[in-house]
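Numbering of the sequence shown is given in the UniProt record's numbering, commencing with residue 1 and proceeding in unit increments. Idealized CB from N, CA, C, for every residue including glycine.
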Amino acid sequence: MINPQPSDLFSDLFVFEMANNHEGSVEHGREIIRQFKTSVVGMPFRFAVKLQYRHLDTFIHPAYRDRQDTKYVKRFLDTELNEDQLHQLKDAIAEAGFIPICTPFAEDSVDWIERHGFQILKIASCSLTDWPLLERIGATERDA
1 MINPQPSDLF SDLFVFEMAN NHEGSVEHGR EIIRQFKTSV VGMPFRFAVK LQYRHLDTFI
61 HPAYRDRQDT KYVKRFLDTE LNEDQLHQLK DAIAEAGFIP ICTPFAEDSV DWIERHGFQI
121 LKIASCSLTD WPLLERIGAT ERDA
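Below you can see the structure in the form of structure tokens.
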């Protein structure tokens, strides 16, 4: 677990965003992480890679699941990874020497984040008024 002092937490930190760029493939996600690692050799900074955890069963309204005319719904469904696959990516991030960060998009996603041992969470701007999600995040147990 990463336990930096709060004042040093974000000092000289650059964050790479994975989002859905893994294209629904753990191996492709690992390749992206390898490319990130290659690109930062010799740089005097700390680096993190941020994942996004979504439970599509609760994130996408059932009335929209089968629609192909909504590009984000289609993209989320086409790139969906299960909990084990996301955990593999989180581990690959840590093994590459990066700080793993995650954005949850539903309360269920926070359960995965806790099981996977993330120390840093990022709140998506679209979730700033999602009180059930914010309360669930606030209830997480993290190393201080």
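Within 10 Å of its beta-carbon, does residue i have 16 or more other beta-carbons around it, so buried, or fewer, so exposed?
i      : result
Trp131 : exposed
Ala139 : exposed
Leu86  : buried
Arg67  : exposed
Phe10  : exposed
Arg136 : buried
Could you give the distance in angstroms between the alpha-carbon of residue i and the alpha-carbon of residue j?
i      : j      : result
Pro62  : Glu80  : 16 Å
Glu23  : Gly29  : 8 Å
Phe14  : Asp57  : 32 Å
Ile2   : Asp108 : Low per-residue confidence applies at Ile2: pLDDT is 48, beneath 50, and the placement is therefore not dependable, though the value from the model is reported in the following sentence. Approximately 23 Å, taken between the alpha carbons.
Leu133 : Asp111 : 11 Å
Gly97  : Leu89  : 13 Å
Phe16  : Phe36  : 8 Å
Gln119 : Thr70  : 33 Å
Ser127 : Val41  : 34 Å
Arg65  : Glu95  : 35 Å
Who are residue i's beta bridge partners in DSSP?
i      : result
Thr103 : Gln52
Phe14  : Phe47
Ile120 : Ile101
What distance in whole Å lies between the Cβ atoms of residue j and residue i, which are believed to be in contact at a cut-off of 8 Å?
i           : j      : result
Ile99       : Ala19  : The pair is not a contact, with the Cβ atoms about 17 Å apart (cut-off 8 Å).
Asn21       : Ile32  : 6 Å
residue 151 : Ala106 : In the structure as shown, the chain starts at 1 and stops at 144, and residue 151 therefore has no counterpart that could be examined.
Return the chain-ordered list of same chain residues with a C-beta closer than 6 Å to the C-beta of residue i, the five sequence neighbours on each side being excluded.
i      : result
Thr103 : Gln52, Lys122 and Ala124
Apart from the five residues just before and just after residue i, which ones in its own chain have a Cβ nearer than 7 Å to its Cβ?
i     : result
Ile93 : Ile33, Val49 and Pro100
Give me, in chain order, the residues of the same chain whose beta-carbon lies closer than 8 Å to that of residue i; leave out the 5 immediate sequence neighbours on both sides.
i      : result
Ile113 : Tyr53, Cys102, Pro104, Leu121 and Thr140
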